[in-house]
Every structure is written in structure tokens, then in C-alpha cells.
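First residue of the sequence shown: 2, per my numbering; consecutive thereafter.
As C-alpha cells, the structure follows; a few thoughts come after it.
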Amino acid sequence: MKKLKKYRGLLVSLILAIVTVLIIHQYISSLETAYEGTGPREIDGEDQVAVVVATSNLDTGTILTQDHLDTRKVPEQTAHPQAVTDKEEITGEVLKQDVVEHEVLMSSRVLGEEEANKLSEVIPENKRAMSVAVDQVSGVAGFIQAGDYVDVVATKDEEDREGQEPSQDSSSEIILDNLQVLAVGDRILYSRQELVQEVSTVTLAVNRNEATELTHAEEEHVIRLLLQPITEN
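Structure (C-alpha cells):
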């Protein structure tokens with residue numbers, strides 16, 4: 002009799018344990034179902050949109066090719082209004098700003114061929130475009146191209162201004178440095194015109210103080226440009 006009560010107690014305990022496990026399992030399953038219903042889910046194709054991304058880090062001035070571009074799908078509601086959706090739209094166009102690998106390309110960050118030929122489109126923020134007169138000597142024999150950086154040397158000597166050798170009394174100094182060249186002649190930065198060798202003007206990006214200083218220097222000095230090596234800019 003005692004043994005029967007003992008076995009009966011064990012059986013009841015076993016049944017209760019099984020019921021408890023089933024209840025816990027059912028509860029966990031219900032939580033998982035609830036989470037799946039409110040958490041991230043696969044979005045149907047109609048809720049997605051393809052956007053164009055960079056396949057690698059790209060520098061300002063890069064002329065975009067198919068190799069630079071890829072597409073990926075993102076939720077339509079999170080896609081930026083200016084995101085490019087077709088690689089063909091920007092193939093052959095020019096980057097106005099650096100982009101990093103996998104970054105979504107924005108239409109505001111590229112220049113079309115027509116825009117690339119407008120000087121106002123390539124002037125950096127808080128800068129102004131100012132042209133200076135040059136010749137084969139002061140313009141580094143035509144080797145300066147749009148996108149280069151130059152220093153400006155001012156030499157005060159009337160004989161030098163007339164194309165003669167400077168006198169012993171002449172003095173020179175670098176008055177401005179690290180100025181970006183926006184245009185050489187009529188060839189503008191990022192444009193796809195033929196390279197220019199013989200030009201009479203070089204257009205520089207300057208702030209207002211630099212523009213004033215450069216204007217005064219042109220009136221009283223001979224201006225020469227020093228081309229910086231690409232490793233310095």
C-alpha cells in the first residue's frame with residue numbers, strides 16, 4: 002500500500018512536470034510568433050526600390066563608369082528622394098564630392114556634361130572665381146590644368162612687367178598659396194574639352210580676402226604661378 006502511494010506520487014509529479022514543460026514551450030512559441038509579426042520581415046518586391054551605390058571609394062572629379070557603380074534594393078519608404086535609381090543616368094558624369102564604398106549616389110553629387118561646362122557649378126563653397134592674366138612663362142608653359150593647385154608669386158619690377166630681365170632691385174614673394182585652379186582659358190574643371198596648352202588666363206578659387214590681395218598685386222606687381230606637385234594637395 003505504501004509502495005502504491007509512493008508510485009502514485011511519483012506519477013503525479015511526472016505528469017505535472019510534463020504539463021509544465023508543455024506550457025512553457027507553448028508560451029515561448031507564442032512569444033516567437035509575436036516577435037516575428039512585429040520585427041523585421043522580408044519586404045515584398047513592390048515595397049522595394051533599386052538605388053545606385055559606389056563599388057569603391059571615389060574621389061571628386063571621377064568620371065563615372067559602369068565599373069564604379071552597382072545597385073542594391075532598399076525599402077522604398079527609406080530611399081532618399083535624390084538617390085539615383087538607374088546606373089545609366091549617371092554613367093559618364095562627374096562626381097562633385099568624394100563618396101565611399103557602398104554609399105548611395107545622389108543626383109546632387111554629380112555633374113552632367115552641360116553642368117560641368119558651367120564655371121559657377123564648380124566653385125567651392127565660400128569661394129569666388131577670379132581670373133589672372135598669364136603667358137607662357139607666368140603660366141608654367143601651359144602645363145597648368147584645371148584641378149591643379151598653385152602658389153602665386155608677386156615680383157615688383159617695372160622692367161620685368163615689360164617682359165625684360167628683372168633688375169637687381171626687384172623683389173619677389175609668395176603672396177598666396179594652395180589655390181585651386183578652376184579653369185585654364187575656357188576649359189573648366191571637370192569638363193571634357195581638349196587640354197589647353199596656350200592660354201591667356203587662369204581662373205582660381207579664392208576667398209574675398211585673397212581676391213582683394215590678388216587684385217592689388219596685379220596692379221603693382223608681375224604675377225607668376227607656381228604649380229604644386231600632386232602629392233601636396
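Just so it is clear, CB atoms sit at the ideal spot from N, CA and C, and this is done for glycine as well.
Original post:
Near T92, which residues of its chain fall below 8 Å by C-beta distance, leaving aside the five closest residues on each side in sequence?
Top reply: Here residue 92 refers to the residue found at position 91 when the sequence shown is read from its first residue. Excluding sequence neighbours, T92 sits near L65, T66, Q67, L70.
Original post:
Between the region 91 to 107 and the region 46 to 65, are three or more C-beta pairs nearer than 8 Å?
Top reply: Contact check between the region 91 to 107 and the region 46 to 65: three or more CB pairs, one atom from each, fall below 8 Å, which counts as touching.
**OP:** Following the continuous alpha helix (DSSP H) through I1, name the residue where it begins and the one where it ends.
**Re:** Any question about residue 1 goes unanswered here, given that the chain covers just 2 to 234.
Original post:
For the beta strand (DSSP E) that contains T202, what are its first and last residues?
Top reply: The residue you call residue 202 lines up with position 201 of the sequence shown. Here the beta strand (DSSP E) through T202 covers 202 to 207.
**OP:** Following the continuous beta strand (DSSP E) through R110, name the residue where it begins and the one where it ends.
**Re:** Here the question's residue 110 lines up with position 109 in the sequence shown. Counting along the chain, R110 falls outside any beta strand (DSSP E), and DSSP gives it neither H nor E.
Subject >> Beta-carbon contacts of A206 that lie in its chain and below 6 Å, excluding the five residues immediately before and after >> reply: Working through the sequence shown from its first residue, we reach residue 206 at position 205. Contacts found: P125, K128, Q181, L183.
Original post:
Within this structure, are the beta carbons of D185 and Q229 separated by less than 9 Å?
Top reply: By 1-based counting over the sequence shown, the position of residue 185 is 184. By 1-based counting over the sequence shown, the position of residue 229 is 228. Residue 185 is actually Val in this sequence, not Asp. Going by C-beta atoms, V185 is not nearer than 9 Å to Q229.
Original post:
Straight-line CA distance for K119 to G113?
Top reply: Taking the first residue of the sequence shown as 1, we reach residue 119 at position 118. Taking the first residue of the sequence shown as 1, we reach residue 113 at position 112. So the alpha carbons of these two residues sit roughly 10 Å apart.
**OP:** Would you give the residue range spanned by the beta strand (DSSP E) that P76 belongs to?
**Re:** For the purposes of this step, residue 76 is taken as the residue at position 75 of the sequence shown. Counting along the chain, the beta strand (DSSP E) containing P76 begins and ends at 70 to 76.
Original post:
Looking at C-alpha atoms only, which residue of I16, H217, L15, V54 is the closest neighbour of V111?
Top reply: Sequence index remark: in the sequence shown, residue 111 carries index 110 (1-based). Measuring C-alpha to C-alpha distances from V111 to each of I16, H217, L15, V54 identifies V54 as the nearest.
Subject >> Paired residues, beta bridge with E174 - DSSP >> reply: Sequence index remark: in the sequence shown, residue 174 carries index 173 (1-based). Note: E174 sits in a beta bridge opposite A155.
Subject >> For S132: DSSP bridge partner residues >> reply: Numbered from its first residue, the sequence shown carries residue 132 at position 131. BP columns for S132 point to T204.
**OP:** Would you kindly report the start and end of the unbroken beta strand (DSSP E) that includes L227?
**Re:** In the sequence shown, counting from the first residue as 1, residue 227 sits at position 226. Its beta strand (DSSP E) spans residues 223 to 228.
Subject >> Buried or exposed (CB count within 10 angstroms, at least 16 for buried), E104 >> reply: Taking the first residue of the sequence shown as position 1, residue 104 is located at position 103. Within a 10 Å sphere around the beta-carbon of E104 sit fewer than 16 other beta-carbons, which makes this residue exposed.
**OP:** Can you check DSSP and say which residues form a bridge with I64?
**Re:** Here the question's residue 64 lines up with position 63 in the sequence shown. Per DSSP, V95.
Original post:
According to the Cβ coordinates, are A155 and V223 closer than 9 Å?
Top reply: The sequence position of residue 155 within the sequence shown is 154, counting from 1. The sequence position of residue 223 within the sequence shown is 222, counting from 1. Closer than 9 Å, so yes.
Original post:
Any Cβ of chain B within less than 9 Å of the Cβ of Q181?
Top reply: No chain B appears in this structure, which consists of one protein chain only.
Original post:
Which whole-angstrom value describes the C-beta separation of V123 and L226, a residue pair presumed to lie in contact below a C-beta threshold of 8 Å?
Top reply: Counting from one through the sequence shown, the residue named residue 123 turns up at place 122. Counting from one through the sequence shown, the residue named residue 226 turns up at place 225. The pair is not a contact, with the Cβ atoms about 19 Å apart (cut-off 8 Å).
Subject >> Simplified DSSP state of Q83, which is helix, strand or coil >> reply: For the purposes of this step, residue 83 is taken as residue 82 along the sequence shown, with counting starting at 1. Coil at Q83, not helix or strand.
Subject >> Alpha-carbon spacing of E102 relative to E77, whole angstroms >> reply: Position 101 of the sequence shown, counted from the first residue, corresponds to residue 102. Position 76 of the sequence shown, counted from the first residue, corresponds to residue 77. If I take the Cα positions, the gap works out to 21 Å.
Original post:
What residues in its chain sit with their C-beta under 8 Å from that of G38, if we drop five residues either side in the sequence?
Top reply: On the sequence shown, position 37 is the one that residue 38 refers to. Only weak support is given to the placement of G38: the predicted model assigns it a pLDDT of 45, under 50, and the value that follows is read from those uncertain coordinates. Counting only Cβ-Cβ distances below 8 Å, and skipping sequence neighbours, we find nothing.
**OP:** Report, in whole angstroms, the separation of the C-beta atoms of V50 and V75, which I expect to be a contact under 8 Å.
**Re:** Counting from 1 along the sequence shown, the entry for residue 50 is found at position 49. Counting from 1 along the sequence shown, the entry for residue 75 is found at position 74. About 6 Å separates the two Cβ atoms, so the contact holds.
Original post:
For F144, which residues of its own chain have a beta-carbon under 7 Å away from its beta-carbon, when the five flanking residues on both sides are left out?
Top reply: Here residue 144 is taken as the residue at index 143 of the sequence shown, counted from 1. Around F144: L228.
Original post:
Does DSSP put Q27 in a helix, a strand or coil?
Top reply: Translated into the one-based positions of the sequence shown, residue 27 becomes position 26. It is helical.
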